[in-house]
Each structure stands twice: as C-alpha cells, then as structure tokens.
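Chemist: Sequence positions in the sequence shown follow our numbering and run 4 to 348. By construction, the Cβ of each residue, glycine as well, lies at the ideal position given by its N, Cα and C atoms.
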Amino acid sequence: MQKPVVDRTVDFSRQILFEADVQIARDRVVLRLWRNSDALCVLERRLVRSDAVVWTQILSLEDDDALAEFASADPYGDHLRAQYQSVDRERREQIHHQTGRKARNRPVAPVEEIGLIDACSNEAELMTIAGGVVSQLGGESYVYHWLRVDEKTGTVDEYRSLVGCHPAWLHKYISRLWYRRDPFLDYAKRNAAPTVGSRIDLANDDDSLISHAVEYGFRSSLVCPAHSRSNAWVGVLQVSNEQMRPKGEDALWKHRVLLRALALALLDWHLATLRHEATNLFNLDQRELAALRMVRAGRTALNVADSLGVSERTAYAIFRKINEKLGAPHITKAAETAAASGLIE
C-alpha cells in the first residue's frame, strides 16, 4: 500500500496558484505553483516513487528560462506537458499583473543574511538568502537537501531539496537513482564536519555521477552536513563552482565556517516549521510530550508512571491516547513520529 503524501511545510504567507496530482504508472507526481508575499513564483514538484521514497524539489521561477529547462528535463515531461503549460500560463499571468516586486534591502555581510533565516516564512525567502550567501562565499551553485533518515535502517525515505543550480540536474540525479550511492550524502549522514569533494572516497561506480555533476557546474564542491539532536533529519548543503581543483575548492574551504552556519540555520528552520505544524496537528499536552520523551529515552511504562506521579494503568491510558492522536500502532512508533516531527528530541 502506497503511503500518503504529507505536506510537511506550513506557510500562511504563500498563495497557491496551481496544483495538479498525476498518477504515472506506479509513481505519483504533484506539481504546485505558489507565490510568496514578494510576488516571487515558486514551483514545487513532489515525486512519490513506487518504493515509497518521496522526493520534493523547490525551484524559484525568478529566471524566465528556469521553468522551460526544468520541464524539458523532467523524465515525466511528456505525461505532464499540459500541467507544465498551465504552470507557465499562470506564471506569465502573474508577471503581467505584477506591479513590481517589493524591494528587499538585504544586508551585505553573509553572517547577517544567515541571521535572517529564522524570520523567513517560506522556502522562497530561504532561497533568496541562500543564493545571496553562496554567491558571496565562492560558490556559483548549490543544492540543499533535507533528509529524513530511518533510525533503524539508516535509509532515507524522504528528500526535500532547494534547487540553487541548473534546473535539470536533480531530474537526472533522481531518475538515475544516484541518490542511493551518492558518496556526498553518505558522508553527510555519518559526519558533522564540512569537507571538500576531493577528500571524499569515491568508488569506481561513482564515475558517471561525478562526470555528469561536472557538466552541470559541480566541478569543485564543499559539503556541509547539519544534524539534529533527534537524528531523524539531516541537512546537506553542497556548494560548488566551476573552477578547477584545488583552486575552486580552496575558494570554498576558506568560507567553510559561514557555509556550515548556513547549513545549520536551514535545518533549524525546517525543524521549527515541522514542529509548528505538528503542534497544531496532534495537539499533545505537556504530560503527553513528557511521556514521549521518556519512551524515546528507553523508559518503560512503570518508569513513566513513577516520573509523572500516576499509576502504571494511567500511564498506559496516556500511551493509548497518544497513539490515537498520532495514528501510531504502538507507543514506540509514536515516539519516532514525534521525533521526526520535531516535537521531542
């Protein structure tokens, strides 16, 4: 049974302009066009694969050519031709009626720009800041991934990506399943320190991935992992330029502290957004959250009862209520869901 698509971002400042949900063979594609308060149009493409992996790409349409390049590279482009035409018509309509996007006085210093991420209300604003910071710190393109990692298997079942590179790149990356053996993602899942691409061990079967990445501007790269305390989510910032090594990597490496700060700030924003959504959705009280934290730490129902000052029977009643609210079959799964939603650490 295919698991449902859950929209994990909350944003009350954006306006949905177009949405289509298309089943293509065993996969499902959701296209959504929205604009933020600055009148910037953003395309969100969500692919739900038959193996239950979810891939969401976020693409700013500020560049007039971005949509055409993105659509033409889509492996399902033929099936989605009508939907992409509708997206383009709506985007052009917005441009026609636009009286001028509100000017935003962005600080010059990257550290100040990174400090503004907490106040962002949507991913369009995140991409404006990330693009500005990257361009000042030796990068010409970037991709930022939020990965939801299964704690037991270490596999990733959900990817959400900010596309700050050539629009066609991630289509090829996803359709060829390169994410299953990407050495940069493997490094980021296991490490916290930034590193440059030449320091990552590349197996021979990664040659195709690396050579194609170079074609799309990823010649010299810096990878900055970002980890949450719950380990349910990992952030990965890959910043690249087209300079030859070692010059290109040196240009990025000297800014690794600020680029790592950017990676961490983007992860924190995502977790805060998930937490806000989960708080409204599940409506857990403080006692229920405390119980989940203890279960998460490996405590038993008796331990929870003693800590909360209730009977063991009451503790099990609390567990049942939590399971009902979270739609979980048992309390351990409920604790995993709460951690993945950012409600508990």
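1) If you draw a straight line from the alpha carbon of residue 236 to that of residue 308, how long is it in whole angstroms?
2) Just the C-alpha distance for residue 316 and residue 38, rounded to the nearest angstrom, thanks.
3) Among 298, 166 and 346, which has the Cα closest to the Cα of residue 334?
4) Can you tell me the Cα-Cα spacing of residue 245 and residue 185, whole angstroms?
5) Taking DSSP's pairing of strands, which residues face residue 73 in a bridge?
6) Less than 8 Å between the C-beta atoms of residue 48 and residue 32, yes or no?
7) Terminal residues of the continuous beta strand (DSSP E) containing residue 225?
8) Can you tell me the Cα-Cα spacing of residue 63 and residue 166, whole angstroms?
9) Comparing alpha-carbon positions, which option in 280, 241 and 247 lies nearest residue 267?
10) Can you tell me whether residue 249 is buried or exposed, with buried defined as 16 or more other CB within 10 angstroms of its CB?
11) Would you call the CB atoms of residue 147 and residue 127 closer than 8 Å?
12) Thinking just about the alpha-carbon of each residue, which of 25, 272, 282 and 339 is nearest to the one in residue 301?
13) State yes or no: is the C-beta of residue 256 within less than 8 Å of the C-beta of residue 225?
14) Quick check on DSSP: helix, strand or coil for residue 82?
15) How should residue 142 be labelled, buried or exposed, when 16 other C-beta atoms within 10 angstroms of its C-beta is the threshold for buried?
16) Can you tell me where the beta strand (DSSP E) holding residue 159 begins and where it ends?
17) Identify which residue in 213, 192 and 193 has its Cα closest to the Cα of residue 200.
18) What are the start and end residues of each continuous beta strand (DSSP E) run of 3 or more residues lying completely inside the segment 93 to 154, in chain order?
19) In chain order, what residues of the same chain have a beta carbon less than 8 Å from the beta carbon of residue 156, not counting five sequence neighbours either side?
20) Determine contact between the segment 17 to 34 and the segment 78 to 93, defined as no fewer than three beta-carbon pairs at a distance below 8 Å.
21) Please classify residue 276: is it buried, with 16 or more other beta-carbons within 10 angstroms of its beta-carbon, or exposed?
22) Identify, in the order they occur along the chain, each residue of the same chain with its Cβ nearer than 6 Å to the Cβ of residue 221, setting aside the five sequence neighbours on each side.
23) Tell me the rounded alpha-carbon separation between residue 50 and residue 27.
24) Report buried or exposed for residue 305, applying the criterion of at least 16 other Cβ atoms within 10 angstroms of its Cβ.
25) May I ask which residues mark the beginning and end of the beta strand (DSSP E) holding residue 62?
26) Over what stretch of residues does the beta strand (DSSP E) that includes residue 25 continue unbroken?
27) Please work out which residues of its chain come closer than 8 Å, Cβ to Cβ, to residue 274, disregarding the five sequence neighbours upstream and downstream, and give them in chain order.
28) Is it buried or exposed, residue 68, if we count other Cβ atoms within 10 angstroms and call 16 or more buried?
29) Can you say whether residue 77 is buried or exposed, counting buried as having 16 or more other CB atoms within 10 angstroms of its CB?
30) How big is the Cα-Cα spacing for residue 73 and residue 284?
31) Which of the three DSSP states is assigned to residue 245 in this structure?
32) Short check: CB of residue 324 to CB of residue 291, under 8 Å?
33) Can you tell me where the beta strand (DSSP E) with residue 287 in it begins and where it stops?
Modeler: Walking through what the data contain:
1) 30 Å
2) 50 Å
3) 298
4) 20 Å
5) Per DSSP, none; premise fails for residue 73.
6) yes
7) 223 to 230
8) 8 Å
9) 241
10) exposed
11) no
12) 339
13) yes
14) coil
15) buried
16) 159 to 167
17) 213
18) 144 to 152
19) none
20) yes
21) buried
22) 243
23) 10 Å
24) exposed
25) 57 to 63
26) 18 to 27
27) 231, 236 and 345
28) exposed
29) buried
30) 33 Å
31) coil
32) yes
33) Neither: residue 287 is in no beta strand (DSSP E) and is coded neither H nor E.
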